[in-house]
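>
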């Protein structure tokens, strides 16, 4: 038998948060993909920035300070940090998202530059061009 193929998964902000706080919001197929040790889990600093905003607006509540929660989340899965590079910033020009959300543009560009599969619940990203998408549906 051959080795299982490595899949590199870029978690969008909601999937990252739900995987730790509300895993029941994810379909079983997606939970299995995230739990599979053969898959690498990646996170963009853009998702950390979005979490900061959600916590500041009191739309997400954490049981510890945000710095500690983020550090714990990287050790829990474990997660790899996707570099926020000039190449990624330039690649946002090619994302062509209809809703023009800059955070989503960075996530799509990150997935494209680093050849990652974007894991998302956002229907507006399901048809992003030039990347693979794993849907929470």
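Residue numbers (the working numbering): 232 to 368. All C-beta atoms in this analysis are idealised placements derived from N, C-alpha and C, irrespective of residue type, glycine included. Model, not experiment: these values are computed from the prediction.
#1: In whole angstroms, what is the alpha-carbon distance linking residue 261 and residue 321?
#2: Can you have a look at residue 313 and say buried or exposed, based on whether 16 or more other CB atoms are within 10 angstroms of its CB?
#3: With the cut-off set at 8 Å, would you say residue 347 and residue 241 are in Cβ contact?
#4: Within 10 angstroms of its Cβ, does residue 302 collect 16 or more other Cβ (buried), or is it exposed?
#5: Between which two residues does the alpha helix (DSSP H) harbouring residue 327 extend?
#6: Within the continuous beta strand (DSSP E) that includes residue 258, where are the two ends?
#7: With a cut-off of 8 Å on the beta carbons, I'd call residue 339 and residue 354 a contact; round off their distance for me.
#8: When the distance is taken between beta carbons, is residue 344 closer than 8 Å to residue 318?
#9: Only counting the same chain, and skipping five residues up and downstream in sequence, which positions put a Cβ closer than 8 Å to that of residue 272?
#10: Just how far apart, CA to CA, sit residue 254 and residue 267?
#11: So within the region 270 to 324, which uninterrupted alpha helix (DSSP H) runs reach at least 4 residues, ignoring any that extend past its ends?
#12: How about residue 342 and residue 281: do their beta carbons lie closer than 8 Å?
#13: Thinking C-beta only, is residue 248 closer than 8 Å to residue 367?
Result, derived from the coordinates:
#1: Start at 1 with the first residue of the chain shown, and residue 261 comes out as number 30. Start at 1 with the first residue of the chain shown, and residue 321 comes out as number 90. So the alpha carbons of these two residues sit roughly 30 Å apart.
#2: What you label residue 313 is simply residue 82 of the chain shown in a count that begins at 1. So residue 313 counts as buried.
#3: Position 116 of the chain shown, counted from the first residue, corresponds to residue 347. Position 10 of the chain shown, counted from the first residue, corresponds to residue 241. Yes. Within cutoff.
#4: Stepping through the chain shown from its first residue, residue 302 is reached at position 71. It counts as exposed.
#5: Position 96 of the chain shown, counting from 1, holds the residue named residue 327. For residue 327, there is no enclosing alpha helix (DSSP H), as DSSP gives it neither H nor E.
#6: What you label residue 258 is simply residue 27 of the chain shown in a count that begins at 1. Residue 258 -> no beta strand (DSSP E), and no H or E assigned at all.
#7: What you label residue 339 is simply residue 108 of the chain shown in a count that begins at 1. What you label residue 354 is simply residue 123 of the chain shown in a count that begins at 1. Residue 339 to residue 354, Cβ: 14 Å. No contact.
#8: By 1-based counting over the chain shown, the position of residue 318 is 87. By 1-based counting over the chain shown, the position of residue 344 is 113. In contact: residue 318 and residue 344 (Cβ atoms closer than 8 Å).
#9: Counting from 1 along the chain shown, the entry for residue 272 is found at position 41. 240, 242, 265, 308, 309, 310 and 311.
#10: Your numbering for residue 254 matches position 23 in the chain shown. Your numbering for residue 267 matches position 36 in the chain shown. Rounded to whole angstroms, residue 254 to residue 267 spans 15 Å at the Cα level.
#11: 276 to 287, 297 to 307 and 317 to 322
#12: As a position in the chain shown, residue 342 is number 111, starting the count at 1. As a position in the chain shown, residue 281 is number 50, starting the count at 1. Not in contact: residue 342 and residue 281 (Cβ atoms no closer than 8 Å).
#13: As a position in the chain shown, residue 367 is number 136, starting the count at 1. As a position in the chain shown, residue 248 is number 17, starting the count at 1. No, they are not a contact pair.
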